[in-house]
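Working notes, beginning with the structure itself.
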Amino acid sequence: MSDTSNKLGGPSAETQASAKSTSSSAAGVRIEGGISYEVIIGCEVHVQLLTKSKAFCGCENRFGGIPNTRVCPVCLGLPGALPVVNLALVEGAIIAGLALGSRIAEVTKFDRKNYVYPDLPKGYQISQFDMPICVGGHLDVATEGQVRRVGITRVHMEEDAGKNLHLIDGSNMSYVDFNRCGTPLLEIVSEPDMRSPEEAVAFVESIREIMRYLEVSDCNMEEGSLRCDANVNLWISEGGSRHATPIVEIKNMNSFRAIRSALSFEVRRQLEEWKDRRLTLEAVGKSTRGYNDETGETVPQRTKEAASDYRYFPEPDLKPIAVSRVFVDALRTRVGELPEAKRERLKSQYGLADFDAETLVVSKRLSAYFEEAAAGYREPKKIANWILTEVRSVLNERNIEIDRFPSKPDHIRELLEAVDDGTISGKIAKEVFAEMAAAGRGPREIIAERGLSQIADEGDLAEIVDRVIAANEKSVADYNAGKDHALKFLMGQVMKESKGKANPVVATRLLKGRLSR
Amino acid sequence: MVDDETMEKILYLSRLAVDGAQRREIAGQMEKILDYFTILSRYDTSQVDVDLGEAVASETLRQDAAHAGLEPKEVKAFAVHFLDGYFSVPRILEEEQ
Amino acid sequence: MSEVTALTLTELSDRLQSAELTSTAVVTAYRESYRADAKGPQPLNGYVEWFEDALSQAETADAARRRGDGAHRLLGLPIAVKDNILIKGRPLTCASEILKGFTAPYSATVIDRLVAAGMIPVGRTNMDEFAMGSSCEYSCYGAAHNPVDRSRTTGGSSGGSAAVVAGNQAPVALGSETGGSVRLPASFCGVYGLKPSYGSLSRYGLVAFGSSLDQIGIVGRCPRDLALILAVAAGKDPNDETSADTDFTRLGDALARRDLKGLRMAIPQEFLAEGLDPEVRKVLDSFVEWARSSGALVETISLPILDASVAIYYIIAPAEASSNLARYDGVRYGYRNGETANLFELYERTRSRGFGKEVKRRILLGNYVLSSGYYDAYYKKAQGVRTLLIKEVGAVLSRYDLILSPTAPTPAFTLGSKVDDPLAMYLSDIYTTFANLALLPSLSLPAGRTPHGLPVGVQITGRRFAEELLLSCAETWYEEGGAR
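Residue numbers (our numbering), protein chains in the order written: chain A, 119 to 635; chain B, 1102 to 1198; chain C, 1287 to 1770.
Below, the structure written as structure tokens:
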């Protein structure tokens, strides 16, 4: 059971080597300098889970903090300490697997992955080897109008290591902080189905979107809660025969831009290397390179062959976990509708534009808010628009999520209904909304209390219109003489006189009625 | 069975250094022990499903809640090489990743 | 004074409750016994540290008792603790240079429970380094000596625990087992030693050696003493997923003897084969005679898979150990070799200088059997045979109540006689390991002596969680005058 693949598991050389070239997609095959080739990419994505405590101990799971203050005997690997599995780790893994269409294992277990590094206190990482929690699945990834179905090999659970810091202090020392050690991680391994750096980026972006939507992870690459390594090689067609270049694992890509840049560089490098040296996968096998963001290049990383003998064996401190279908179904219900399906439904059910649907779907709660607000309202697009402009502006300003927004979804609908039925004008609506967002009170209450309802009563309005006409003889004359802009001015006066409450439609009618044209 | 190359590899995995004479002695002792292990070939395990112990139902796993761990002074008490809140080690070189 | 140190834990408890003795007097008596021996020509070397502040804890216990503070049976009673069980605030070394300087920042769950019941840990006992050994000779503190014959080993790895109990320096002690490390020294020193079922006692705070085998064990002078400790220490621990929901609290109130009539015992003939010292065989035979005269049915059976025990054990335990000991690297605690230019040297030098020969051997062996190319032939094979062993032993225990055998093939051997022959040393475990592999409870009781006066233990092994049966049978033996 000993595995000689790289530290992060992932597509074996065999899988990548046998990756079928897609016959359907012309975009896969490229031609350059007389060489026709396909780019084969597989990704391994690590996602940190948003749980309260760590994977195997009760230390708080939070980014940052004073070093070595969120540690305990377990995550520090002290003598005599033992791991205890966090339920939320298992739930998160299953939720992710369900979203990716994976099969959830009925029995899953942890294994020890043994290697030595200062940020790994026990000298082994608790991970999963041959009985991962999720197997299979797929993700449809879109780039430039083309959709590729990328297979998911597996999703498994493991713990994160600590952080090493190298200070430029001339001391020849490195410094280790174990706050992050033991943080729950999911490793998501894709099949080598991607055919371009852009697809790889889109894949990782999709993972990010789903995990954030499910609230399983905040997938923040800057903070390290989303990490990606990629395996890439080329299939070269030359004079009737095909050759595979050696597979290279690329590490240290710390942003989406870096992923694209690193993979693009690597593709060019492998092509050049092929032209120069004709090295094949069979001859050379797999190697590792690190991406250097400053130079935009990948450089070889030497690893001792023995170092990759992880000597996996079942973790004796933890029992295997039986995952009942009842348990899975309860989580499936909790997950509910997935982003893709929701997006399509919002478009078809509510007639929303692509962009609006996409934006709402980013957050489960925001889309739920929208649907509740739009329930029974005749123009859902207006609600969507209000939420995406006015509501979101408040959320951004206060740096809160929709769950902390004081107004209920019903209130938004009521507000727009008040505009529809003429109670208030669009302009007043914004004022009312500001008050709603401040105090969390309903629009009708605010309108009544502040006497903001539009004056729609013809009698009342007529009086105001007459007063305005009487006071603005010149404008009246201008309008009658054919100057349209004078009407605007007169309407402005009506609004001013009515303190903005005049119903514009009625006021216009009345005005025009009293003017000669 | 335990040739030089193998010995080299397992010494590396174990992060142990043993000098020439001792190496041979240990290799010899290991071979004797490994030879003793051949007794296991008497037993047919081809149909055996390894017993990993009774599985635990996922519902019964530890509830996700954060608790205080060790306090800084407690960490300092056993941490011999501690500087400004960090554990310090000789510089990690690229080759050792 | 010397009389006090010969009493059982149960007797001491009775006398504390009747105010015939004080905890202060008891702890003082043991301290004096230890000190006197330490000054002698050939000290037992059972303790690696006596806790000087134990006496003030005894005084506190006496005060609490005088106040009438709902005294638990174990209040104010001393216990010796093997140096691989963490006691908060105390040094912990596992008899290894690599942990010199380490102070435990937390207590093992078992310690917490015993201390909560009022017990006073009085010292750390000697052991084979990281519990790897069968003679307590692989210790950075030097070997422990058998109180019965100081030129001989105590057995191991919990040699210090057995020595201090047999040598009247503690009434009871905690040890640990992975392959027989409590029963073997108990047998060699002439005292009782219990390995509870795997999972009965929490392993949280017991330094891991072979995680799927390790258990804290108890060494004492009579079965009731073992029961008193088990009653308080056992039970599910949320810090240890492998701990079981056992409840032995009932055993804390005067363990009752058991009528042996109709009890069915099986002796595996594989344990009567070549290698068994005839003197040990004689003691077993007289024990069998006693059992039969008490109405038990004792039969010899064939269980060939037992011949594989040592091999299975010496593959699985070192494999797990090679992983469990990877954390001792000088980075976070313990010894660090400072003269290193780079990280690799830090690891290599710290571990090479910090670990003793036997520990290194086992780490290397462990990494060998787990490494790529050998995993299937060794580790996976051993797991398979272990599964078979569990099944077949289970089948025997469905027809019999107990499996009976000698604890060890020989009585205590002389110091130095096996130290350079690892395989010979490993074969001391030939009768004990199957119980660890099968997760079963097993108890060694002092069954007699050789003509030279060396203690011989007999071992009874029961079904999982049948500790009560073992203890009550042992109580019957004890009450009938069995081999004092």
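No residue lacks a Cβ here, since even glycine has one placed at the ideal position from N, Cα and C. Being a predicted model, the structure only gives us computed values, none of them experimental.
query	result
Chain-ordered residues of the region 353-386 of chain A with a beta carbon less than 8 Å from chain C	none
Pairwise C-alpha distance: E277 of chain A and N297 of chain A	12 Å
Touching by the beta-carbon criterion (3+ pairs, under 8 Å), the region 473-481 of chain A and the region 506-524 of chain A	yes
Proximal residues to Y1654 of chain C (C-beta, below 7 Å), its chain only, five neighbours per side dropped	Y1660
Sequence-distant residues of its chain with Cβ nearer than 6 Å to G254 of chain A (five each side left out)	S220 and R221
Given 8 Å, three or more beta-carbon pairs between the region 1637-1653 of chain C and the region 1122-1130 of chain B	yes
Partner residues on chain C for Y1187 of chain B, Cβ-Cβ distance less than 7 Å	Residues of chain C passing the Cβ test: none, with the nearest at roughly 11 Å.
Cβ neighbours of L1558 of chain C in the same chain (closer than 6 Å, five flanking residues each side left out)	none
Classification of L1184 of chain B by the beta-carbon crowding that lies within 10 angstroms, buried from 16 upward	exposed
Inter-residue spacing [alpha-carbon to alpha-carbon] between A1452 of chain C and L1460 of chain C	13 Å
C-alpha gap between A1694 of chain C and L1470 of chain C, whole angstroms	6 Å
Residues, ordered as in the chain, of the region 218-238 of chain A that lie near chain B by beta-carbon distance below 7 Å	V225, K227, V234 and P236
Contacts of R188 of chain A in chain B (Cβ-Cβ under 8 Å)	G1170
C-alpha gap between L1293 of chain C and V1312 of chain C, whole angstroms	10 Å
Cβ separation of G1332 of chain C and V1450 of chain C, assumed to be a contact under 8 Å, to the nearest whole Å	4 Å
Where T1747 of chain C sits in the DSSP three-state scheme	strand
Near-chain A residues of the region 1143-1171 of chain B - C-beta to any C-beta below 7 Å	L1153, G1154, E1155, A1156, V1157, A1158, S1159, E1160, L1162, R1163, Q1164, D1165, A1166, A1167, H1168, G1170 and L1171
CB contact flag (E1415 of chain C, S1382 of chain C, <8 Å)	yes
DSSP state of L1372 of chain C mapped onto helix, strand, coil	coil
Endpoints, alpha helix (DSSP H) assigned at M636 of chain A	Chain A is shown only over 119 to 635; residue 636 of chain A falls outside these bounds and no answer can be derived.
Where the region 406-435 of chain A meets chain C: residues whose CB sits under 7 Å from a CB there	D427, R429, F431, P434 and D435
For R443 of chain A, the nearest candidate out of B:E1160, B:I1111 and B:Q1148 (CA to CA)	B:E1160
Near-chain C residues of the region 1113-1140 of chain B (beta-carbon distance less than 8 Å), N- to C-terminal order	L1114, S1115, R1116, L1117, A1118, V1119, I1127, Q1130, M1131, K1133, I1134, L1135, Y1137, F1138 and I1140
Inter-stretch contact at 8 Å, needing at least 3 Cβ pairs: the region 327-334 of chain A / the region 272-290 of chain A	no
Contacts around K1368 of chain C, its chain only, beta-carbon distance under 6 Å, and the 5 residues preceding and following it disregarded	T1411, M1413, S1444, S1447, L1460, G1461 and S1462
Contacting residues, own chain, Cβ-Cβ under 7 Å from P1271 of chain C (five flanking each side not counted)	No statement about residue 1271 of chain C is possible, as the shown extent of chain C runs from 1287 to 1770 and does not include it.
Minimum Cβ-Cβ distance from E1631 of chain C to chain A less than 8 Å	no
Proximity test, Cβ basis, 8 Å: Y1392 of chain C and chain A	yes
Boundaries (first-last residue) of the beta strand (DSSP E) holding I1602 of chain C	Unbroken run through I1602 of chain C is the alpha helix (DSSP H), S1595 to N1610; no beta strand (DSSP E).
Contact with chain C by L200 of chain A, beta-carbon distance below 8 Å	yes
Residues near F1573 of chain C in its chain [Cβ-Cβ closer than 6 Å; skip 5 each side]	A1733 and V1744
K437 of chain A classed as buried or exposed, judged by whether at least 16 other C-beta atoms fall within 10 angstroms	buried
Selected residue, minimal CA-CA separation from R266 of chain A, among A:A211, A:S324 and A:G288	A:S324
Whole runs of the beta strand (DSSP E) within the region 1605-1645 of chain C, excluding any shorter than 3 residues	none
Close-in-space but distant-in-sequence residues of the same chain around S154 of chain A (CB under 8 Å, 5 per side omitted)	V147, R148, I354, S355 and E356
Unbroken beta strand (DSSP E) run spanning V273 of chain A, endpoints	Q264 to E277
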